[in-house]
Amino acid sequence: MYYKENPSNPPLYRINPSMKVLLIIILTVIISLAYEPILPLVLLISLFAAVCYFGRISPAAFLKVLAPFITLALGFVFFMLLARGLDSSGTYQLWFLKWDGEDLIISLTLGLRILVIILLSMAFILTTQPVEFILSLIQNLKVPYAVGYATLAAYRFLPTFNDELEKIRLAQQVRGIEQEKGIIAGIKAIPRYLLPILATAVRRGERAALAMDGRAFGAFPKRSYYKEIKIQKLDFIALFAVLAYCTVLILSLKALGILNLSLGLNLN
Amino acid sequence: MTDSIVIKDLSFTYAGEPSPALSHLNLTFPANKITLLLGPSGSGKSTLLWCLNGLIPNSVEGQISGEIWYDGENILGRPPKVLCQKLGVVYQDPESQFCTFTVEDEIVFGLENLNLDMATMEERLNYVLKLVGIEDLRSAKLSNLSGGQKQKVAIASVLALDPQVIILDEPTANLDPRSSAEIFDLVRRIKAKYGKTVIIVEHKLDYLIDVIDYVAVLNKEGSALLSGLPRQVFYQLLKDTRETSVFLPLISSLVWELGLPISRAEEVPITLEEGVALLEQKLKASVGSEVSKREEKQEDLTQTKLIEIVDVAYQVEDKEIIKPLSLSVNRGDFLAIAGPNGAGKSTLLNIMMNLFPAHQGQVLLEGRDVKKLKARQIFQKMGLVFQNPELQYISNKVYDELAFSLKDKEITEKEALIKKYLTLFGLEKYAENSPFLLSQGQKRRLSVASMLIAGQEILLLDEPTYGQDHEHNVKLLEMMARLNAQGVTIVVVTHDVDLIANYCNRVVVLKDGQILFDGVPKELFGNESLLARANLFKPMIRELSEKLQKTVNHFPICTSEAEFKRAYRGWVSDVL
Numbered sequence: 018m019y020y021k022e023n024p025s026n027p028p029l030y031r032i033n034p035s036m037k038v039l040l041i042i043i044l045t046v047i048i049s050l051a052y053e054p055i056l057p058l059v060l061l062i063s064l065f066a067a068v069c070y071f072g073r074i075s076p077a078a079f080l081k082v083l084a085p086f087i088t089l090a091l092g093f094v095f096f097m098l099l100a101r102g103l104d105s106s107g108t109y110q111l112w113f114l115k116w117d118g119e120d121l122i123i124s125l126t127l128g129l130r131i132l133v134i135i136l137l138s139m140a141f142i143l144t145t146q147p148v149e150f151i152l153s154l155i156q157n158l159k160v161p162y163a164v165g166y167a168t169l170a171a172y173r174f175l176p177t178f179n180d181e182l183e184k185i186r187l188a189q190q191v192r193g194i195e196q197e198k199g200i201i202a203g204i205k206a207i208p209r210y211l212l213p214i215l216a217t218a219v220r221r222g223e224r225a226a227l228a229m230d231g232r233a234f235g236a237f238p239k240r241s242y243y244k245e246i247k248i249q250k251l252d253f254i255a256l257f258a259v260l261a262y263c264t265v266l267i268l269s270l271k272a273l274g275i276l277n278l279s280l281g282l283n284l285n
Numbered sequence: 008m009t010d011s012i013v014i015k016d017l018s019f020t021y022a023g024e025p026s027p028a029l030s031h032l033n034l035t036f037p038a039n040k041i042t043l044l045l046g047p048s049g050s051g052k053s054t055l056l057w058c059l060n061g062l063i064p065n066s067v068e069g070q071i072s073g074e075i076w077y078d079g080e081n082i083l084g085r086p087p088k089v090l091c092q093k094l095g096v097v098y099q100d101p102e103s104q105f106c107t108f109t110v111e112d113e114i115v116f117g118l119e120n121l122n123l124d125m126a127t128m129e130e131r132l133n134y135v136l137k138l139v140g141i142e143d144l145r146s147a148k149l150s151n152l153s154g155g156q157k158q159k160v161a162i163a164s165v166l167a168l169d170p171q172v173i174i175l176d177e178p179t180a181n182l183d184p185r186s187s188a189e190i191f192d193l194v195r196r197i198k199a200k201y202g203k204t205v206i207i208v209e210h211k212l213d214y215l216i217d218v219i220d221y222v223a224v225l226n227k228e229g230s231a232l233l234s235g236l237p238r239q240v241f242y243q244l245l246k247d248t249r250e251t252s253v254f255l256p257l258i259s260s261l262v263w264e265l266g267l268p269i270s271r272a273e274e275v276p277i278t279l280e281e282g283v284a285l286l287e288q289k290l291k292a293s294v295g296s297e298v299s300k301r302e303e304k305q306e307d308l309t310q311t312k313l314i315e316i317v318d319v320a321y322q323v324e325d326k327e328i329i330k331p332l333s334l335s336v337n338r339g340d341f342l343a344i345a346g347p348n349g350a351g352k353s354t355l356l357n358i359m360m361n362l363f364p365a366h367q368g369q370v371l372l373e374g375r376d377v378k379k380l381k382a383r384q385i386f387q388k389m390g391l392v393f394q395n396p397e398l399q400y401i402s403n404k405v406y407d408e409l410a411f412s413l414k415d416k417e418i419t420e421k422e423a424l425i426k427k428y429l430t431l432f433g434l435e436k437y438a439e440n441s442p443f444l445l446s447q448g449q450k451r452r453l454s455v456a457s458m459l460i461a462g463q464e465i466l467l468l469d470e471p472t473y474g475q476d477h478e479h480n481v482k483l484l485e486m487m488a489r490l491n492a493q494g495v496t497i498v499v500v501t502h503d504v505d506l507i508a509n510y511c512n513r514v515v516v517l518k519d520g521q522i523l524f525d526g527v528p529k530e531l532f533g534n535e536s537l538l539a540r541a542n543l544f545k546p547m548i549r550e551l552s553e554k555l556q557k558t559v560n561h562f563p564i565c566t567s568e569a570e571f572k573r574a575y576r577g578w579v580s581d582v583l
């Protein structure tokens, strides 16, 4: 889907997927603590730059991937402003909507938080090979291998799913079913698609299970791995860098007096 | 060191089925030999293989009894994850047995499950890559491989587990002639190098017969009919005319049908060379006459064009799948579209049906532009049977499936038609069943029936023999021939050269979206360089008659079996 191999194998591609998950969790917790827009804003800009640099992704290409989600975040902020403008009184007014400073700050902070989380998720998806991610979950985070391989089996079917839908569409057109456009026609067509899709999916799942059985899957409680997904020096460097950067950032913003961290309790 | 597999009184009935798939089967697969397992479809060949590797009864439900002795123990009921180190199975469809994404990962998958250490995995991986001859594919993605390459990877993955017994279940059913030949070469290599025990189910006997040591035949009831040395088994089968659904080497049955005197098993010819030697002797004893030398009668020339493809081109993302080409399908044609994979054969069928509207040019159906016709109007005139018939089913009952094609008809007329077609296609017992639960042969018949029931005059088939067993193929093709004789025009995409030689009156060879050849099969199979370019082989009958002509002056070159029989009979009857 989004992941593409990069022949130069930049650092962001080489970080262990489980470590990437950990970094995302750390950063998400930190921005959730911030109650004013300044911290998420600085993080958004610096993380964008970092992902582009360490992932060798061109800023324009990255923006293009993010674009639909940015629209989504803006929409969210818009509705939030609308809701808040209806019920409260305030100093700022537009038509019948009224806000006070608090309203604006909260909405803006929320929008920026969403953007940071989206940026981190997309960076993960763009630079992480899905199979490696699952293997890392099994090998590094001790997820049971049966669960991991079941997920991989399902993932194997994804690319064929679209092909299959297209084939079914053609096959049914051959039988004289006109292809109507529009949402309602699309919904009406679902039951027609469901039967062949389910039939092939069930058969596939069964065969996949038999195939794995026939190759000694589950013969022993432990299995070995030809490709080991290790936690390396680079992973600790990344962890240290993120922690150090966040500490320095928070401390300096505090020193400048433009940051109040909260645990989300003093909302009003 | 190694042991034969001895099956004692084995019976198995699938859960919910009234009759057993295997019934009191007694059979021995000798150690270190290649055994060919034959039997009509539904005789329980696959069921037997599943019992051997433990999928039955561990993963498939049913009633089982009997014993399977191997390596000093009764292995019946042992789980597949244990048995797969002793007996490895390669199936028809390599796609369905893959568990990972790349060649390397796929081969080590089983080794990882056995918890082997890194050094051992590395050693076995390199070993099988070399043995199977796919070292260059080591880090390739499975999805980028051709069918033949995929099957080699599947074989390598099984060999990596180092089982003593290797079971191949129709390994070439989905492959083109060239890839099939490569798989057979691999089987030869495995036999020559290692004393493995091999069990193979395969219908393309003719290209493999020289390595077969032993033959076992099951009957329709799922018991052992015969087993023994190849010639002995084939001799018995030839003599026993009741057993007609087991496929014999082409040469054996041809010689038998031509009435050559064979009185002992040792005299049964099984290879091309043996056939040539035997027939040569017989033909030289006769003089031959003008009757057999005369050319085949010409097809009548009054042709009406049903489909006209005029200067049609088709692109996908700037890639020209079909380069501007023109072609017409005449009424009554049995036309084959052949050519290597990726030549644009299926695309051309889809263009004819207007499923892929041509980007340039016109497709005329009886003079009318298909782009201006409604899907239903096109459907009334022609039907298209896809590779996987299941995708075309819309309802959960065979009866409704046919009824769907007759939406506009009166109830009484509809019922009568459905009854007629159910009987015609041998589906009357299954009217109330779900089409998804039919056997593969029945599924294919149902989709053909649903494509013809509205009175369609043209039937397009996309690789109808793909993934089907030989017996179903022959039945399907016989039915196509009958329909064709009744006036249905047939266009079939295929690389099955026997199909082209025996059934088609015309063949179009496509390569890289261009027409390389359009003419009669006889002419195509005489053009060596064209065949090589199109990845096609000569039918065995053609090779046989060419070899005969070298030593028997004036013996005609024949392409189809019927033609050969006529020529031979004409030749020898002359002397009498």
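Those sequence lines, one after another, are chains Y and D. Number 246 in the numbering used here belongs to position 229 of the first sequence; there are no gaps in the numbering. Number 11 in the numbering used here belongs to position 4 of the second sequence; there are no gaps in the numbering. Glycine included, every Cβ here is placed at the ideal spot set by N, Cα and C. If you're wondering where the values come from, they're calculated on a predicted model, not measured in any experiment.
The ligand MG heavy atom lying under 8 Å from the CB of residue i
| i | result |
| --- | --- |
| Y:A163 | The ligand MG is absent from the structure shown, which contains no ligands of any kind. |
Residue span of the beta strand (DSSP E) that contains residue i, given as start and end
| i | result |
| --- | --- |
| D:L123 | Unbroken run through D:L123: none, as it is neither H nor E. |
| D:Y221 | Y221 to L225 |
| Y:K37 | First-last for Y:K37: P34 to L50, but that is the alpha helix (DSSP H), not the beta strand (DSSP E). |
| D:Q70 | G69 to Y77 |
| Y:K115 | L114 to W116 |
Three-way DSSP call (helix, strand, coil) for residue i in this model
| i | result |
| --- | --- |
| D:K300 | Low confidence applies to D:K300: its pLDDT is 48, below 50, so where it sits in the model is not reliable, and the reading given next is rough at best. Here D:K300 sits in helix by DSSP. |
| Y:Q189 | helix |
| D:Q384 | helix |
| D:R131 | helix |
| D:R338 | coil |
| D:M8 | Residue confidence is low: D:M8 scores 48 on pLDDT, short of 50, so the model does not pin down where it sits. No coordinate-derived value is stated. |
| Y:L273 | helix |
| D:C565 | coil |
| D:G140 | coil |
| Y:L284 | Confidence at Y:L284 is low in this model, with a pLDDT of 42, below 50, so the placement of that residue should be treated as unreliable; the coordinate-derived value is given next. Coil at Y:L284, not helix or strand. |
| Y:K247 | coil |
Interface residues of chain D facing residue i [CB-CB closer than 7 Å]
| i | result |
| --- | --- |
| Y:A188 | F393, L398 and Q399 |
| Y:I194 | A382 |
| Y:R209 | I401 |
| Y:P24 | Chain D residues near Y:P24: none, gap ~13 Å exceeds 7 Å. |
| Y:A261 | Those do not exist, as Y:A261 stays about 36 Å from chain D at its closest Cβ, beyond 7 Å. |
Partners in chain D for residue i, counting only beta-carbon separations shorter than 8 Å
| i | result |
| --- | --- |
| Y:F237 | N120, L121 and N122 |
Cross-strand partners of residue i (DSSP beta bridge)
| i | result |
| --- | --- |
| D:L344 | Residue identity check: residue 344 of chain D is Ile in the sequence provided, not Leu. DSSP lists D:V500 and D:V515 as partners of D:I344. |
| D:D176 | D:V208 |
| D:V321 | Contrary to the premise, residue 321 of chain D reads as Tyr rather than Val in this sequence. Its beta-bridge partners are D:I329. |
| D:D525 | D:V515 |
Within chain Y, the residues that residue i reaches when beta carbons sit closer than 9 Å
| i | result |
| --- | --- |
| D:C106 | Y166, L169, A170, R173, A225, A228, M229, R232 and F234 |
| D:F386 | Q190, V191, R192, G193 and I194 |
Segment limits, alpha helix (DSSP H) that includes residue i
| i | result |
| --- | --- |
| D:L44 | Run containing D:L44: none in the alpha helix (DSSP H); it sits in the beta strand (DSSP E), I41 to L45. |
| D:H480 | The sequence as given places Asn at residue 480 of chain D; His does not occur at that position. Residues H477 to A492. |
| D:A592 | Residue 592 of chain D falls outside the range modelled here, since chain D spans only 8 to 583, and no answer is possible. |
| D:I358 | K352 to M359 |
| D:D415 | Neither: D:D415 is in no alpha helix (DSSP H) and is coded neither H nor E. |
| D:F191 | P184 to K200 |
| Y:V94 | P76 to D104 |
| D:A163 | G154 to A167 |
Within chain Y, partners of residue i - CB distance below 8 Å
| i | result |
| --- | --- |
| D:V115 | Y243 |
Test: residue i CB closer than 9 Å to a CB of chain A
| i | result |
| --- | --- |
| Y:V148 | Within the model displayed, chain A is absent; protein chains Y and D are what it includes. |
Next on the checklist: Three Cβ pairs or more, each shorter than 8 Å: is that satisfied between the region 560-572 of chain D and the region 529-547 of chain D?
Outcome noted: The region 560-572 of chain D is in contact with the region 529-547 of chain D.
Item to check | Touching by the beta-carbon criterion (3+ pairs, under 8 Å), the region 476-487 of chain D and the region 442-452 of chain D | outcome: yes
Checklist entry - Counting pairs of Cβ atoms below 8 Å between the region 174-187 of chain Y and the region 201-216 of chain Y, do you hit three or more? => result yes
Checklist entry - Does the region 393-402 of chain D come close enough to the region 188-202 of chain Y that 3 or more CB-CB pairs lie under 8 Å? => result yes
Next on the checklist: With a threshold of 8 Å, are at least 3 pairs of Cβ atoms found where one atom belongs to the region 335-355 of chain D and the other to the region 506-518 of chain D?
Outcome noted: yes
Checklist entry - Between the region 524-541 of chain D and the region 365-377 of chain D, do at least 3 Cβ pairs fall closer than 8 Å? => result no
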